[in-house]
Structure formats: C-alpha cells, structure tokens
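In full-length UniProt numbering, the protein residues as written are 1 to 705.
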C-alpha cells in the first residue's frame, strides 16, 4: 500500500486524504525550534550546493580556456575525472579493480608488472592527484584503454576507442586540483547530484543534449504522482525508463526514495537497488554514457541495469512496478513490418509506424499489474484524431488495459528545444494486453505471406472509469482541475482525449441583466499589452538591473511596488518587454490564469502577464475592472479556447466583462475595498493569535487567568 509522509513531522499516512488534511492544518505540526533547525539545515545544504556548482563551473571554464572545449564535450570530460574521484571508495570492495584479468599483450613482457602497478595506482584519484604533471597525459591514455574501458563496471562510462579530449598536461593538473578541493565524503549525494544537474541544465544550449532533458520541476511532479515506496527490508518499488536520456527520471526517482528512507529510518538495500530496483535503456551512445555517469555522481553507486539499445526494436522483457518516460516523439524510419521479435504480438500488438503509439503499447507491456506510469506525450493528433482508426485503437487499448487517472497539460515552452505542446499521462495497469485485445490479421488471397489489414476486437470492459484533466504550473507546483470526464463520454467520442471537447463554454445572456448593465469584450473597452522575457543566456540583461520586472508568482492581488528580479536598460532595448504605468492592472493569462495586481511603481513584466487599462473612464473604471478580473475564475475560458490551460492575446481580447453604471461601479469598489480591509485585519489577527499560541506552547508567555 502506498504511504504518504509529512516532510516536517515525518508522520506516515496510508490515505492521501488524511495526508492532505494534515498538510492543510492551520497550526504547524512541529515546534518553532524544530522549524528553525530545518531552516538551518536547508541553508547549510544550499551553501554546500553553491560551493559544488562553483567548483564545477570553474572546471568547465578551465576546459573552455585551455582546450576550447564547451557544452557537451566539456561536461563529458569533467564527468570522467569526477567519476574517478567518486569511484575510489568503492575500489577493492564493491569494484574488484585489482584482480580483474586485463590484456597487456601490447606491452613488453618485462614491463607489464610495472605498467599494471602504475595504472592500478593512479586509478585511485588520491594517487592521481600526486602524479607528476609531465606523466599525466600518457598515463591517462593507458588508464583509459587498458583498465577503465575493459573492466565490466567502468566500461559503460569509459567507452572503448574513446579517450579524454584534453590535449594539455596543465589542464589535467588544474582540473585535478579543483576536484581535490571537494570534500565529497561528507556531502550527501543528493546535494552533489542536484548541483551537477544544475550545471547540466545551464549547458543545455543546443539540441545535442536539450532534446533529452526534462525540467526538474516536471520530473519531480511525475515522481510524486506515482509515489514510489521503500519497504522495511530496504527493497524498493522497481522503476524502468525505456528512453532514459541522461538518466534524469531515474535520479529523481532515487532521490525521492532515499528521502523517504531517511524519514522512515530504513536502510536501503543497495544491492537490490543497483541490480533490480532501477532500469534504463538509451539508444544514443554518448547520451547513454552520460546517463551512467550521472547515476554514479548522484548516488555514489554504479548501476548494473542500464542498457544501451532500442526499446522498440529490441523489446524490454522485464516488468516494473513503475515507469517514468519522456519518449522521443518524432522518430523517423520506424517500420512495424521490419521489427523482428518473438514478443512483437504482445509488446506492440497494434500495427503502427508512429513512435507515440508504439511507446504507449510497449510501456503497457512493461508494467506489472497495478504498476503505475507517468509519461510525457505530445498534445496533438495522437490524442485528438477521430479519423485515424489506428490512433483510436491505441487510445481504446490504453483505457481497456489501464486506469487512465489524469492528463496534465504542461505550459508551452517547458521543453526548450521543441515547440510541441505536451502533457503527462498518469495511469495504472489493470489487465494484460492479451486479456483485452484479439487481433485478426487479413492476408492476401494471392499471396498468403502478404498482410492486407487487421481487425482489432476488444473486450467491452474499460479499466478507466473517468479521466481528470488538469493544467499545471510547475513554478508553483499547482494543478488546476479543468474537467472530469466519465469513460462513457470518452468512448462515445472515439476515445478522443482533447479535453476542450468536453468543456461547456459559459455564455453571458445579456437579457438576464437590467437596462443599466452592458456586457462587452475586453478589447471593446480596454487597451492591453503583453510583457516579454529578455534572453536568459545574456547575463548583462539581468546583472545589476534597475528596472522592475515582475513574474506571475509575484502577483499578490494588491498594489505592487517592487519585484524580485530587475532588468537592465540594455535588456529593455533588446527585448519585447513593455513598460506598465502606475495604476495598470496586471493579469496572468498563462500558467496560472487570473492572478492579478496593480502597478504601484512603473515596471515591466514577463510574457505570461498582460497590462490592462480602460479606454474610457466614463464607461469603465480601472479599479472596478481590477476587482472583476480578480474575483472571476477564467481558468475554464483558457481551457476551452486553447485546450492548453492558457489564453493568448486574441482569446484575452474576447473575455466578456459585465459593466454596470459608473455609480454602481463606484459602489462596488467601495464595498470591495471594505472587504479587503476586513481581510487584512483578519489576517493580522490570525498572525497575532498564531504567535500567542506558539508563545503558550513554548512557555514564553505568561498566561493570565
């Protein structure tokens, strides 16, 4: 049974509803002293992480300045040396590096012992750091070719026929000196892994790695969805990633498990975790190499079940408790008829050359019964098509083998190097494919070896009862329910999973209002501009900036006079930002639709915020419009218009505004201001009462009878 653990008091809940109630309690579940200790620990971890990032970035700068290596190549060469440092504690124990039978036939017989002794010495980073600079380049070349690319534990990182890209001996010395300064033995591997991942994220400046990278906020959300468990014996719910890229999902999954282990005071069974707990497969050799490296850097352990290969053409036969994946959507050259595997009819029973369709089927096969999956998919024809019978069959297959719980729409641009809109499917497998689908293959009358078509006969029973559609704001970790659709409605609509088709657009009937009330669109009565974001890759746009620049998370429903980030005059000149004057209404129309604020000091905003002003104050008062926008819920408007939980400038213009007389608007403004004042007083009273309660509990206040 899945368990939920409070991060603060460590109490364990079997039911999610009880856990949610506990989290939403007004009074804290731990003492003030405990809260202060947690804050101090968090601050210390943050300091360590910052130090690690600084060392990593210094190393990358050395590689750039000395060798001309940047991006992926620089990262790869840094990881090689970092891994040697991390491996040293395991050499001679978990990794029997000294006794392995190596091939030294290329070395003169009388020099083999000396050669071997030297290499097995410098494979230990502490010895390498003492090596003479002049000897390092040659020794590193032999260490790679004779030891690291041969030993079964290290050969998946130090690939045969490859080597360091470093040409200058002093580059080695500088890098080794920097890494020697890291006291990794006293550092939690999750901090090390997080620091390294942040460096990786900064390097994602091109499609070489960008295509494989899922934002940490998305990975964490997906892992929380499936809520994996560590058990009393230290074993864990197994997890597979058939398209693991650089290993991000598996690392996030492992960090979630290890945090849970600390909370439950359970010692992880590392032998199980390394050999059976986590599995990944990646086709691209360099990316696979990075994944193996990243797993070691983030955990301190070498994982034995990370394979290089094609998850479609060469089926994964294992079954898993959980699967996390962000499969490549646009693979070219997939030909169903070319796949040769005894498992083909079970693994991918519905014929298709479409990557998404094939991965959905393969993932369903890989799950155990009651296994859970969270997978990133494109929000497009694969989900919407009513004319493509294969795509319809794939969706039916999913909902008859699995309980499709949620579809969560991700904001546009969350994946930097693709414009494809994306969503996350969360489902639980209930039936094997062979239990729900019978396939009849039609053959040519003249050529019995030639297939002419297929008939798919499904069982009547759906394992899905209803699907909840959400939009998701990863920056605030908020899911907004858009609509909940019963399976009967989905099945009768060709299993279409476009939630816009199930939304009922609310319409205003002007006849319902009295003669002094009008209903106008926003564009009829207002002017509005959209903000922008200066390029994040140019530090000069943000460093020492003086111009206020607001983001959605800072919209507080009141007057705003300052912002966390500020941009420079150069950023203003070279971007699409717009200046909003005092009194301008700020309205978020992406990510979190409907958050509001009023400009108190002239400022700029990002592209998720519109600045709105009325055209004619004799018809519509700005303050009334502010309250109207603040009180109304526009989330469903965004869903119905774009099917993506967002508005654009055109759909924003079509928002309906109910406009009473100016006198009535003034009356409403006065009442709303009074409510705001009352709310502020209540909030202050709550703060005072909370402080009193803490003082009483901590014995710091004298209680008067």
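Heads up, the beta-carbon is just placed ideally off N, CA and C, and yes, glycines get one too.
What you are looking at is a predicted structure, and each value in this text was computed from that prediction instead of being measured.
Using the three-state DSSP reduction, which class does residue i fall into: helix, strand or coil?
i, result
"residue 675", "helix"
"residue 57", "helix"
"residue 518", "strand"
"residue 16", "helix"
"residue 368", "strand"
"residue 89", "helix"
"residue 578", "coil"
"residue 613", "strand"
"residue 234", "coil"
"residue 343", "coil"
"residue 532", "coil"
"residue 69", "coil"
"residue 640", "Note on residue 640: pLDDT 38, under 50, position unreliable in the model; no value is reported."
"residue 631", "helix"
"residue 104", "coil"
"residue 475", "coil"
"residue 74", "helix"
"residue 334", "coil"
"residue 134", "helix"
"residue 165", "coil"
"residue 5", "strand"
"residue 95", "strand"
"residue 390", "helix"
"residue 451", "strand"
"residue 464", "coil"
Based on the DSSP secondary-structure assignment, which residues constitute the bridge partners of residue i?
i, result
"residue 549", "565 and 604"
"residue 560", "599"
"residue 456", "439"
"residue 470", "408 and 481"
"residue 376", "424"
"residue 308", "282"
"residue 324", "374"
"residue 586", "597 and 611"
"residue 656", "521"
Taking the alpha carbon of residue i as the point to measure from, which residue in the options has its own alpha carbon closest?
i, options, result
"residue 230", "310, 261, 99 and 73", "261"
"residue 337", "324, 282, 352 and 276", "352"
"residue 215", "127, 248, 232 and 85", "248"
"residue 53", "600, 518, 179 and 446", "179"
"residue 563", "617, 16, 602 and 528", "602"
"residue 158", "141, 663, 170 and 460", "141"
"residue 321", "467, 101, 278 and 586", "278"
"residue 169", "143, 182, 138 and 144", "138"
"residue 541", "28, 574, 520 and 489", "574"
"residue 560", "586, 600, 433 and 69", "600"
In angstroms, rounded to a whole number, what distance separates the CA positions of residue i and residue j?
i, j, result
"residue 681", "residue 689", "12 Å"
"residue 483", "residue 56", "45 Å"
"residue 706", "residue 622", "Here the chain covers residues 1 to 705 and nothing more, so residue 706 does not appear."
"residue 526", "residue 257", "51 Å"
"residue 403", "residue 440", "25 Å"
"residue 557", "residue 533", "22 Å"
"residue 301", "residue 224", "23 Å"
"residue 148", "residue 122", "11 Å"
"residue 273", "residue 298", "14 Å"
"residue 268", "residue 234", "4 Å"
"residue 196", "residue 571", "29 Å"
"residue 501", "residue 397", "21 Å"
"residue 13", "residue 22", "9 Å"
"residue 498", "residue 378", "12 Å"
"residue 452", "residue 387", "19 Å"
"residue 239", "residue 291", "15 Å"
"residue 174", "residue 62", "7 Å"
"residue 670", "residue 518", "21 Å"
"residue 706", "residue 25", "Absent from the structure is residue 706, since the part of the chain shown begins at 1 and ends at 705."
"residue 456", "residue 437", "7 Å"
"residue 285", "residue 443", "39 Å"
"residue 73", "residue 165", "8 Å"
"residue 610", "residue 529", "6 Å"
"residue 751", "residue 319", "As shown, the chain starts at 1 and ends at 705. That puts residue 751 outside it, with no answer to give."
"residue 644", "residue 19", "With a pLDDT of only 42 at residue 644, under the threshold of 50, the placement of this residue in the model should not be trusted, and no figure is reported."
"residue 656", "residue 608", "20 Å"
"residue 192", "residue 144", "25 Å"
"residue 361", "residue 393", "11 Å"
In chain order, which beta strand (DSSP E) runs of at least 3 residues are fully inside the region 394 to 445?
DSSP runs (the beta strand (DSSP E)) wholly in the region 394 to 445: 402 to 409, 422 to 429 and 437 to 443.
Scan the region 212 to 284 and note each continuous beta strand (DSSP E) run of 3 residues or more that stays entirely inside, going in chain order.
Scanning the region 212 to 284 from its first residue to its last, the whole beta strand (DSSP E) runs of 3-plus residues come out as 239 to 241 and 278 to 282.
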